[in-house]
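Novice: Numbering (the working numbering), first residue to last: 64 to 246.
1) Residue 183 bridges to which residues according to DSSP?
2) Let me confirm a value: residue 213 is counted as buried when at least 16 other C-beta atoms fall within 10 Å, else exposed. Which label applies?
3) State the start and end residues of the unbroken beta strand (DSSP E) segment that holds residue 144.
4) Which of helix, strand or coil does DSSP assign to residue 105?
5) Just mark residue 76 as buried or exposed, buried being the case when its beta carbon has 16 or more other beta carbons within 10 Å.
6) According to DSSP, simplified to helix, strand and coil, what is residue 91?
7) So, residue 207 versus residue 236, is the Cβ gap smaller than 9 Å?
8) What residues in its chain sit with their C-beta under 6 Å from that of residue 229, if we drop five residues either side in the sequence?
9) Roughly how many whole angstroms lie between the Cα atoms of residue 191 and residue 111?
10) Which residue's Cα is closest to the Cα of residue 13: 225, 113, 97, 82?
11) Anyone know if the C-beta pair for residue 102 and residue 66 falls short of 9 Å?
12) If you draw a straight line from the alpha carbon of residue 188 to that of residue 241, how long is it in whole angstroms?
13) Quick one: using the 10 Å Cβ neighbour count with 16 as the cut-off for buried, is residue 183 buried or exposed?
14) Out of 232, 100, 193, 200, state which residue places its alpha-carbon closest to the alpha-carbon of residue 222.
15) For the 8 Å Cβ check, are there 3 or more pairs between the stretch 106-120 and the stretch 145-152?
16) When you compare each of 99, 185, 95 to residue 107 by their alpha carbons, which one comes out closest?
17) Do residue 209 and residue 135 come within 9 Å of each other at the CB atom, strictly closer than that value?
18) Just the Cα atoms here: how many angstroms apart are residue 244 and residue 231?
19) Starting from residue 243, trace the beta strand (DSSP E) both ways and give me its first and last residue.
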């Protein structure tokens, strides 16, 4: 997992819950990484999971709720850092359709060894977008939180999100998110 994600998790906890809670979470976390996280660094996935699990324990929420909250924060934090990915789209559907073909392609140019989820899409009708998520990391609740964050970024075009039950195949988790946009 790239350092950018760890840094954003740290920022999320500090900004949302304060430094004291952040340090309590970090004190409880048994991380493989001993040095500070740096943006382009690569760190064990297990460290992220450990931080999320310990955050959920300290905050007395479920791991799923922690992932949802961070996912929503992630989009809000990425927009000012990378407005070029957001500002060229007036509608969330267009932004979401660009994730695999544009955004993740740009991320791969900068971070060659990154392992990104895949978001395939199809449009069964004019107001519906189905995003098919699959990833070896099995973080569909983080993906759902990211979709909540996209809804907040593009709130002038509201949509609902329906999530299918996850299933695994060949070591990857698959989930379909059906987004229905208001006319």
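All C-beta atoms, glycine included, are put in the ideal place defined by N, C-alpha and C.
It should be emphasised that the depicted structure is a prediction, and the values quoted were computed from it without experimental measurement.
Specialist: In short:
1) 195
2) buried
3) Premise fails: residue 144 lies in the alpha helix (DSSP H), 126-144, not in any beta strand (DSSP E).
4) strand
5) buried
6) The three-state secondary structure of residue 91, taken from DSSP, is helix.
7) no
8) 203, 236, 238
9) The alpha-carbon separation between residue 191 and residue 111 amounts to approximately 33 Å.
10) Any question about residue 13 goes unanswered here, given that the chain covers just 64 to 246.
11) yes
12) 11 Å
13) exposed
14) For residue 222, the nearest C-alpha among the options comes from 193.
15) no
16) 95
17) yes
18) 28 Å
19) 235-244
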